[in-house]
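Residue numbers (my numbering): 81 to 265.
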């Protein structure tokens, strides 16, 4: 399948999901290049803000904090990654990050996810985990395990696992922590 076919197929799949469809102009209001958090394997990550009920853009610092992830859409790896997000959107579990919406702009795909405190790797690097009580560490390990077990037990297992094998790994940098150190994949 060619790049144009992949682009159209992904757009059709996204449009059938219960997701907020952002325009590029809306996304420019959600985040700015000053709120860049860094790079990830598929593009750049920014912090932004949306209204908690409508997911409409709000002023920076007000409303629900979100991650805005950019993808270079014309690469097949990014298509595979975006399809994993689509599969995960259909899954609901307390230990999975919630996909809020998306935007296509030319060859770029933007995904908007709920924002979480930081990733597991940051906590390891700065020694934060070693200072946590044992019951919190156990809670973190159980959260990771519950998410992985859920993904393997669900009827979506084939789709999730095939996408995961090709484009997503359960590495510690893909484990996020919320404000109470609950783990999310």
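Positions of the beta carbon are idealized from the N, C-alpha and C atoms, including for glycine.
Predicted, not measured: the structure shown is a model, and the values here were computed from it.
The three-state secondary structure of residue 180, taken from DSSP, is strand. Residue pairing by DSSP places residue 128 opposite 111 and 146 in a beta bridge. Of 108, 196 and 173, the smallest CA-CA separation from residue 229 is found for 173. In this structure, residue 149 lies near residue 190, with their beta-carbon atoms less than 8 Å apart. Residue 193 counts as buried, since at least 16 other C-beta atoms from the protein chains shown sit within 10 angstroms of its C-beta. Bounds of the alpha helix (DSSP H) holding residue 230 are 214-233. Membership of residue 190 in the beta strand (DSSP E) is indicated by the continuous run 188-194. Taking C-beta separations shorter than 6 Å and ignoring five residues to either side along the sequence, residue 222 has no partners in its chain. Nearest in C-alpha terms to residue 141, of all of 118, 112 and 232, is 112.
When 226, 188, 214 and 220 are compared, the shortest CA-CA separation from residue 122 is found for 188.
In the displayed model, residue 185 falls within a strand according to three-state DSSP. A direct Cα-Cα distance of roughly 19 Å separates residue 232 from residue 179. Taking each of 100, 217 and 124 in turn and checking the Cα distance to residue 130, the smallest one comes out for 100. Annotated as proximal: residue 137 and residue 109, with beta-carbon spacing under 8 Å. With fewer than 16 other CB atoms across the displayed protein chains lying within 10 angstroms of its CB, residue 214 is exposed.
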